[in-house]
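Residue numbering for the sequence shown follows the working numbering, starting at 478 and increasing by one per position. We put the CB at the ideal spot given by N, CA and C, even for glycine. Before any comments, here is the structure.
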Amino acid sequence: MTEIKRRSELVFLYDIKDGNPNGDPLDENKPRIDEETGINLVTDVRFKRTIRDHLYNFRGKEIFVREISDENGSIQDAKMRAKDFLTIEEPLDSFETGKNDINENLLADCIDVRLFGGTVPLELKLKKGSKSETGSITHTGPVQFKIGRSMHKVFMKHFRGTGAFASKEGASQKTFREEDFLPYSLISFYGIINENAAKDTKLSEEDIDLLLDGMWNGTKNLISRSKVGQVPRLLFKVNYKEGNYHIGDLNNLFSLKSDLIDEEIRDISQVRIEVRRLVEVLGKNKDKIENAQLCMDGSIAFTYGGEEIDFDKSLVEAGISTEMLSM
């Protein structure tokens, strides 16, 4: 496994048509929208769930945060889940012995803990006094994402439809269902990979390769009814030469341009991504940048000062070494 020695920043753009990228369970599962700005919001928790599910279901990687039921059909709580990684039989000689055993196995087995960290509550039985002792394991995640935000104002639609079944036994009338969705939303996520926290969770470069796979293909492979229209458009990663340094908020240096008003946008072909500010900032800091890695969908268009350009070529012209990622 290759140790992470440098800091990196991530920008990920994806869009959705006629779907709900992240419903709010406290508001009838409506898409999350900032009422003051009209911007669509997607929580980092939802995004991490996408990545976790892809790595577990399609790459065969163990994750800590997943739903597991016992023989009675009851769902494990976090304390029970932690004991799945205890290889020493209880009761234990000391709490620290069990804690260290669980921690070592967690980091070795669970890619989501190595990536995102977490707080794991513990309750372990001890030989002394036949009592249980409680505590926790805490790791700060080397990979952190901000809340995702659409690059434009969105318009929410509401419709009602009929269900497939009767409203009650013996009735001839079918049930009604209501649904809220977004005709279109182009969402931007910003993330950072911290080389210092990576030492604590033993995060490797191979783990980061899987993270990128989960971001791109996890988004692409979502097949739930509300998210089947999601398409990854751009994955952009800047790797720095120096430790403890990054530019910050690279997502704010991308901007969306369109001939339509925001709420009328319905397709990626109706927008362009302006990158002049980004390229200029990266160019000014080129001596501190190792390289930029990117993966692009063929439908996304970029402009530099309003002129359509090849994004990767504009980076090279600014003195930034580039690598195209294959997903």
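Taking the CB atoms as reference points, tell me whether residue i and residue j lie closer together than 7 Å.
{"i": "Ile588", "j": "Lys538", "result": "yes"}
{"i": "Thr596", "j": "Thr615", "result": "yes"}
{"i": "Ile630", "j": "Asp739", "result": "Looking at the sequence provided, one finds Lys at residue 630 rather than Ile. Closer than 7 Å, so yes."}
{"i": "Thr520", "j": "Ile624", "result": "yes"}
{"i": "Gly496", "j": "Gly706", "result": "yes"}
{"i": "Arg626", "j": "Ile516", "result": "yes"}
{"i": "Phe535", "j": "Phe666", "result": "no"}
{"i": "Gly668", "j": "Phe622", "result": "yes"}
{"i": "Lys560", "j": "Pro598", "result": "no"}
{"i": "Ile797", "j": "Ala769", "result": "yes"}
{"i": "Ala585", "j": "Pro619", "result": "no"}
{"i": "Leu532", "j": "Gly691", "result": "yes"}
For the alpha helix (DSSP H) that residue i lies in, which residues bound it at each end?
{"i": "Lys697", "result": "Glu682 to Lys697"}
{"i": "Val758", "result": "Arg753 to Lys761"}
{"i": "Leu584", "result": "Phe572 to Asp586"}
{"i": "Phe541", "result": "Element bounds for Phe541: n/a, residue is neither H nor E."}
{"i": "Asn673", "result": "Glu672 to Thr678"}
{"i": "Val429", "result": "With the chain running from 478 to 804 in the structure shown, residue 429 is simply not present."}
{"i": "Met557", "result": "Ala555 to Lys560"}
Hey, could you find the ends of the beta strand (DSSP E) residue i is sitting in?
{"i": "Val488", "result": "Ser485 to Gly496"}
{"i": "Ser732", "result": "Ser732 to Lys734"}
{"i": "Phe535", "result": "Unbroken run through Phe535: none, as it is neither H nor E."}
{"i": "Arg809", "result": "Limits of the chain in this structure are 478 at one end and 804 at the other, which puts residue 809 out of reach."}
{"i": "Lys602", "result": "Gly594 to Lys602"}
{"i": "Met801", "result": "Thr799 to Met801"}
{"i": "Tyr781", "result": "Phe779 to Tyr781"}
{"i": "Ile614", "result": "Ser609 to Thr617"}
{"i": "Val705", "result": "Neither: Val705 is in no beta strand (DSSP E) and is coded neither H nor E."}
{"i": "Ile724", "result": "Note, Ile724: premise wrong, no beta strand (DSSP E); not H, not E."}
{"i": "Asn549", "result": "Looking at the DSSP string, Asn549 is not in any beta strand (DSSP E), and its letter there is neither H nor E."}
{"i": "Ile516", "result": "Ile516 to Val519"}
In the DSSP output, what is residue i paired with across the bridge?
{"i": "Phe660", "result": "The residue asked about is misnamed: residue 660 is Pro in this sequence, not Phe. Answer is none; Pro660 lacks a bridge partner."}
{"i": "Phe713", "result": "Val488 and Leu771"}
{"i": "Tyr667", "result": "Val488"}
{"i": "Gln621", "result": "Ile669"}
{"i": "Gly500", "result": "Pro508"}
Near residue i, which residues of its chain fall below 7 Å by C-beta distance, leaving aside the five closest residues on each side in sequence?
{"i": "Val756", "result": "Tyr781, Ser791, Leu792 and Ala795"}
{"i": "Glu544", "result": "Ile552"}
{"i": "Leu730", "result": "Arg754, Leu755 and Val758"}
{"i": "Ser732", "result": "Glu751"}
What residues in its chain sit with their C-beta under 8 Å from that of residue i, if we drop five residues either side in the sequence?
{"i": "Glu682", "result": "Met478, Thr479, Glu480 and Ile481"}
{"i": "Met633", "result": "Lys507, Pro508, Ile510, Asp657, Phe658 and Leu659"}
{"i": "Ile724", "result": "Glu486, Val715, Val758, Leu759 and Asn762"}
{"i": "Ser607", "result": "Pro568"}
Only counting the same chain, and skipping five residues up and downstream in sequence, which positions put a Cβ closer than 6 Å to that of residue i?
{"i": "Pro709", "result": "Tyr491, Trp693, Thr696 and Lys697"}
{"i": "Arg753", "result": "Tyr781 and Gly782"}
{"i": "Ser776", "result": "Ile745"}
{"i": "Ser485", "result": "Ile670, Lys714 and Asn716"}
{"i": "Lys602", "result": "Glu567, Pro568 and Ser609"}
{"i": "Glu771", "result": "According to the sequence displayed, residue 771 carries Leu and not Glu. So the list reads Phe713, once near-sequence residues are dropped."}
{"i": "Asn728", "result": "Val488, Ser665 and Tyr667"}
{"i": "Leu583", "result": "Phe562 and Val590"}
{"i": "Asp789", "result": "Thr799"}
Flag residue i as yes if its beta-carbon sits less than 7 Å from any beta-carbon of chain B, otherwise no.
{"i": "Arg523", "result": "In the displayed structure, chain B is absent; only one protein chain is listed."}
The segment 660 to 669 / the segment 561 to 573 touching (three or more Cβ pairs under 8 Å): The segment 561 to 573 and the segment 660 to 669 do not touch, with fewer than three beta-carbon pairs separated by less than 8 Å.
At least three beta-carbon pairs within less than 8 Å, the segment 606 to 615 to the segment 715 to 724: A contact is defined here as three or more CB-CB pairs under 8 Å, and the segment 606 to 615 fails this definition with respect to the segment 715 to 724.
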